[in-house]
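Protein chains in written order, with our numbering: chain A, 1 to 392; chain B, 1001 to 1394. The structure under discussion appears below in the form of structure tokens.
What follows is the structure in structure tokens.
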């Protein structure tokens, strides 16, 4: 079967020292997994370059779309491979170019020569010049424009052969998934938490999620919305396990026994405690939240101190210093934004106090909690968890 | 399961389902076919049409459509287009179903002028106000028979008389349409020769995807969907024979002993209302207190609907609490509960945001019983109490 070649470039993995082979091994596994849907595909490291060979019948964009979602990949180029004979290279390049002239009406071009194989006798600038001449000979309507060409053709001469490509599609970057531990994200239906999860996963962390609801004070549609969001994330990270917990019993206790202006904060403290318990049980090393300094009353500096204080585990807040607009842009880029803005209420909004406390004092909050049997409430909540696996 | 969302949709009669099953397997012919299978399908269609026409007054024909919404679209658009040379004023009410209101907006874009009549606090239009609104360039009047959210029976019979006189005195020929989606099969509809009546199959234990527009034979509207000339040329497209036959049978079954059934439904409705009233404080009925059993009882409430606001709660939360006990109700109109924003009907009735937010609609069918209502009263009380205990600080 005829195969099409794709050059998959890794980003930061290339900068690793002693651990590089490990990262490379994980990354190639991730790419293989992503391309598994296309039968008869092989992915190999060839002389420091990851090369995927996919049947030519699969549309180029589909393959590229899969590759750019793999954490650790920096860019992807659909390419043509040929020999190291300069005349042969010229013929192949001319063929590619004349096809482009026909398909896209390209008028100007330039050729960029590269020589990874330093034993190759022609130097980089000369490669560009020679191949450019071959193309000009074959396509009479084309002219060279070194500054603003319609199309730049890269000719990369390497030890095992020559790659010719035109596009270099930017990918998500980051580090291969699974190379940096496992974390539990507190996932609401909002805009922020999916972005937080994505950012940690992008640095190689395996992600689990916990979602809190208050059914029947929230609707089943609100949970469906969260599942839809996690499904988008699963498109990057593979199947994600989500723990689902009903906060209503705890909320009822808080509302009936504690000061009104502290309710949101007290509920958040319970969410953190429950998350920690779930994380310890499942081998998650840290918690991840979408908290963002000053965004709402429960995310003021004082409130964060009070929330953070209940857990002994590190809490990662990758969005802490971002602006809301930046987070929204990021969410749109990932593809969760449109789902997040659907109007179903999640856990937090039903019991919103009229005037939530913005500068809480830890001592006062702890005093407010004295009337509650914290341990029993947390244990009951953990016991009531429902686990769902969300596939891409 | 206690199903109290019958104004959204109903469970099909078993007889209807059986008939449809049988037809799907055996009588699947196309009425336009010349062979005997087509002939038989045509006969079934004829019977269904007859069933429905028998329940209505006057010399009209029932044109089968895909839904109440399509019937309303056809009624308004075809009438307006037919009458465009005589005038461009249309009169309707502020509490119509979106199928009417959105269609009116579309006609406004085409250059027609629409008056939306106000309603009083129980959801009824004012006849004198309507009379004042009529003019020489009025071409169409569309007033729903029974409101879908609060059950108010609109004064369509008095309006019919006023309109008849007005047309005679001013030699106008204003068309009178009524959206009877919530009335057909609930109240006797054979009291006045409306020019146009819309109804829907799935509201009276018939199949979804069926509706009709009953049209006065003298009216001769333009075809709404053109094509192979089915439905006397008014609505082309191969007939949904299985749906239509189911609709016909459902109409027959729903209208059998209708007066007895409506009164029974009224007893269940009253029982629930009295129970709620005596058990739960701080509530408000949305709609008329008294129940009505015919179109002459205008201003009263159709026995199929009870709409109540429970102050200090949120309808949606009560709904989800009740669904845990397999009791199914609705907040306002089912069609609009996915949209943000308050019910336009309750707004037109002058209800505040708090009242609208806390409104629950119970809607009945002939299958609901008094015994069920004892459970419903108990569960509603528990749900409201629980919410109020939590929400006391709100």
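Heads up, the beta-carbon is just placed ideally off N, CA and C, and yes, glycines get one too.
Taking 7 Å as the upper bound on Cβ-Cβ separation, chain B lies near residues 215, 216, 217 and 219 of the segment 214-228 of chain A. In the displayed model, residue 215 of chain A falls within coil according to three-state DSSP, outside both helix and strand.
At a cut-off of 8 Å, the C-beta of residue 1321 of chain B has a neighbouring C-beta in chain A.
Less than 8 Å divides the Cβ of residue 68 of chain A from the Cβ of residue 169 of chain A. Around residue 1377 of chain B, the same chain offers 1272, 1275, 1276 and 1279 as residues with beta carbons nearer than 7 Å, after the five sequence neighbours per side are excluded. A residue is called buried once 16 or more other Cβ atoms fall within 10 Å of its Cβ, and residue 1153 of chain B is buried on that count. At a cut-off of 8 Å, the C-beta of residue 70 of chain A has no neighbouring C-beta in chain B.
When DSSP states are grouped into helix, strand and coil, residue 113 of chain A belongs to the strand group.
The three-state reading of DSSP puts residue 75 of chain A in strand, counting E and B together.
Beta-carbon to beta-carbon, residue 1249 of chain B and residue 1019 of chain B are separated by about 6 Å, close enough to satisfy the 8 Å threshold. Against chain B, a Cβ distance below 7 Å from residue 255 of chain A picks out 1390. For the pair residue 27 of chain A and residue 37 of chain A, the CB atoms are not nearer than the 8 Å cut-off. In this chain, residue 1370 of chain B is not harboured by any beta strand (DSSP E); it is covered by the alpha helix (DSSP H) spanning 1370-1390.
Listed by position along chain A, the residues whose Cβ is nearer than 7 Å to that of residue 1317 of chain B are 216 and 217. Assigned with DSSP and collapsed to three states, residue 230 of chain A falls in helix.
Within chain B, the residues whose beta carbon sits less than 7 Å from that of residue 252 of chain A are 1390, listed in sequence order. An exposed status is given to residue 21 of chain A, since fewer than 16 other beta-carbon atoms sit within 10 Å of its beta-carbon. At a Cβ-Cβ threshold of 8 Å, residue 217 of chain A and residue 1317 of chain B count as neighbours. Counting along the chain, the unbroken alpha helix (DSSP H) around residue 270 of chain A starts and ends at 263-282.
Here the alpha carbon of residue 1364 of chain B sits roughly 36 Å from the alpha carbon of residue 1030 of chain B.
Beta-bridge annotation (DSSP): residue 1060 of chain B is paired with B/1216. Nothing from the segment 1208-1242 of chain B brings a Cβ to less than 7 Å from some Cβ of chain A. Your pair residue 392 of chain A and residue 238 of chain A checks out as a contact, with CB atoms roughly 7 Å apart and the cut at 8 Å.
For residue 72 of chain A against residue 194 of chain A, the beta-carbon gap comes to about 20 Å, at or over 8 Å, which does not count as contact.
Distance from the CA atom of residue 330 of chain A to the CA atom of residue 289 of chain A, rounded to whole angstroms, is 16 Å. Between the segment 205-220 of chain A and the segment 159-168 of chain A, the count of Cβ pairs shorter than 8 Å is below three; the stretches do not touch.
The C-alpha of residue 378 of chain A lies about 22 Å from the C-alpha of residue 360 of chain A.
A straight line joining the alpha-carbon of residue 266 of chain A with that of residue 257 of chain A spans about 11 Å. Residue environment analysis places residue 1230 of chain B among the buried positions, since at least 16 neighbouring C-beta atoms fall within 10 angstroms of its C-beta. Remark: three or more beta-carbon pairs, one from each stretch, lie closer than 8 Å, so the segment 1202-1212 of chain B and the segment 1233-1250 of chain B are flagged as touching. If you draw a straight line from the Cα of residue 369 of chain A to the Cα of residue 354 of chain A, it comes to about 20 Å. In this structure residue 1282 of chain B is exposed. Its beta-carbon is surrounded by fewer than 16 other beta-carbon atoms within 10 angstroms. A contact is defined here as three or more CB-CB pairs under 8 Å, and the segment 1255-1270 of chain B fails this definition with respect to the segment 1079-1092 of chain B. Excluding sequence positions up to five before and after residue 1202 of chain B, its CB lies within less than 6 Å of the CB of 1009 and 1208, all in the same chain and listed in chain order. DSSP, read as helix, strand or coil, puts residue 1255 of chain B in helix.
Less than 8 Å divides the Cβ of residue 1302 of chain B from the Cβ of residue 1183 of chain B.
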